[in-house]
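See structure below.
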Amino acid sequence: MKCAKCTHRKCYLEGQNCTKIGLTDVKEAYVNEKLDIMKAAACTEGRFYNNLTRLEETVEFCKMMDYKKIGMAFCIGLNQEAKLIEEYFSKFFEVYSVCCKVCGIAKDNLNLEQIKEGARETMCNPIMQAKILKDKEIDFCVTIGLCVGHDALFTGASTVPTSCLVAKDRVLAHNPLGAVYSRYWRRKLGINPSDQV
Numbered sequence: 005m006k007c008a009k010c011t012h013r014k015c016y017l018e019g020q021n022c023t024k025i026g027l028t029d030v031k032e033a034y035v036n037e038k039l040d041i042m043k044a045a046a047c048t049e050g051r052f053y054n055n056l057t058r059l060e061e062t063v064e065f066c067k068m069m070d071y072k073k074i075g076m077a078f079c080i081g082l083n084q085e086a087k088l089i090e091e092y093f094s095k096f097f098e099v100y101s102v103c104c105k106v107c108g109i110a111k112d113n114l115n116l117e118q119i120k121e122g123a124r125e126t127m128c129n130p131i132m133q134a135k136i137l138k139d140k141e142i143d144f145c146v147t148i149g150l151c152v153g154h155d156a157l158f159t160g161a162s163t164v165p166t167s168c169l170v171a172k173d174r175v176l177a178h179n180p181l182g183a184v185y186s187r188y189w190r191r192k193l194g195i196n197p198s199d200q201v
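Just so you know, we're using our numbering here: the sequence shown kicks off at 5 and counts up by one.
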């Protein structure tokens with residue numbers, strides 16, 4: 005499929021189905037906890053659309069799901085932000101947070117490329133972040149600025165529903181969409197629409 009290139013968006017506007025996936029398949033996909041998540045997500049969207057920040061929406065979603073224990077997997081570079089987010093979440097939930105450098109293992113132990121050759125650098129450890137949070141028996145987890153790739157490993161290792169609260173982008177103040185909103189960055193990336201200068 006190439007949905008990003010679609011010009012009519014009839015699935016959204018008219019309910020057109022461009023796939024061979026039918027209603028029965030969809031209903032079978034969303035059962036038990038997955039259906040509960042879909043209902044809570046729809047309520048969050050419907051009630052708070054364009055009124056709450058993503059941080060606030062996350063709290064409302066977790067309340068609807070009756071989650072008690074929330075996990076946070078964060079990048080050490082966003083430790084101050086993580087501290088504030090944990091403070092906010094703690095008003096509503098029992099919160100556990102694990103930074104990416106947990107265990108303090110040097111990159112050279114896994115033959116990982118370093119930022120500064122010859123210096124001791126601690127590796128990011130997303131699989132152990134997920135394990136530690138699993139051991140805390142959390143209900144839900146958010147990621148905060150995990151590196152590209154590390155976020156994929158964390159999500160794959162997580163045993164609970166996981167949502168990205170913050171997507172890391174050191175160049176664009178953790179706003180990856182800034183690259184497509186900015187004419188300068190669109191030109192630099194070679195994605196400038198032909199009708200713009």
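Positions of the beta carbon are idealized from the N, C-alpha and C atoms, including for glycine.
If you count every other CB in all the chains shown that lies within 10 Å of the CB of residue i, and 16 or more means buried, which is it?
i: Ile25; result: exposed
i: Pro130; result: buried
i: Glu91; result: exposed
i: His154; result: buried
i: Ile80; result: exposed
i: Glu61; result: buried
i: Lys95; result: exposed
i: Ala156; result: exposed
i: Gly75; result: buried
i: Thr48; result: buried
i: Val35; result: exposed
i: Ala123; result: exposed
i: Thr11; result: exposed
i: Val152; result: exposed
Would you report the Cα separation of residue i and residue j, rounded to the nearest angstrom?
i: Tyr53; j: Cys145; result: 22 Å
i: Arg174; j: Leu82; result: 10 Å
i: Tyr71; j: Ala45; result: 14 Å
i: Phe97; j: Lys73; result: 6 Å
i: Asp40; j: Ile109; result: 39 Å
i: Glu141; j: Val102; result: 14 Å
i: Val30; j: Asn179; result: 32 Å
i: Gly149; j: Val170; result: 5 Å
i: Leu59; j: Ala8; result: 27 Å
i: Thr126; j: Glu32; result: 44 Å
i: Lys192; j: Leu27; result: 42 Å
i: Ala86; j: Lys43; result: 28 Å
i: Cys66; j: Ser167; result: 11 Å
Quick check on DSSP: helix, strand or coil for residue i?
i: Ile89; result: helix
i: Tyr188; result: helix
i: Thr28; result: helix
i: Ile131; result: helix
i: Ile41; result: helix
i: Thr159; result: helix
i: Ile148; result: strand
i: Leu181; result: coil
i: Cys22; result: coil
Within 8 Å (strictly less), CB to CB, does residue i reach chain C?
i: Phe158; result: Although the question refers to chain C, the structure presented lacks it and comprises just one protein chain.
> Whole beta strand (DSSP E) runs in the region 46-126 with 3 or more residues, listed along the chain?
Replying inline: 73-78 and 98-103
> Are the region 160-169 and the region 129-136 touching, with three or more C-beta to C-beta distances below 8 Å?
Replying inline: In this structure the region 160-169 touches the region 129-136; the number of beta carbon pairs closer than 8 Å is three or more.
> Is there contact between the region 185-196 and the region 110-124, where contact requires at least three CB pairs shorter than 8 Å?
Replying inline: no
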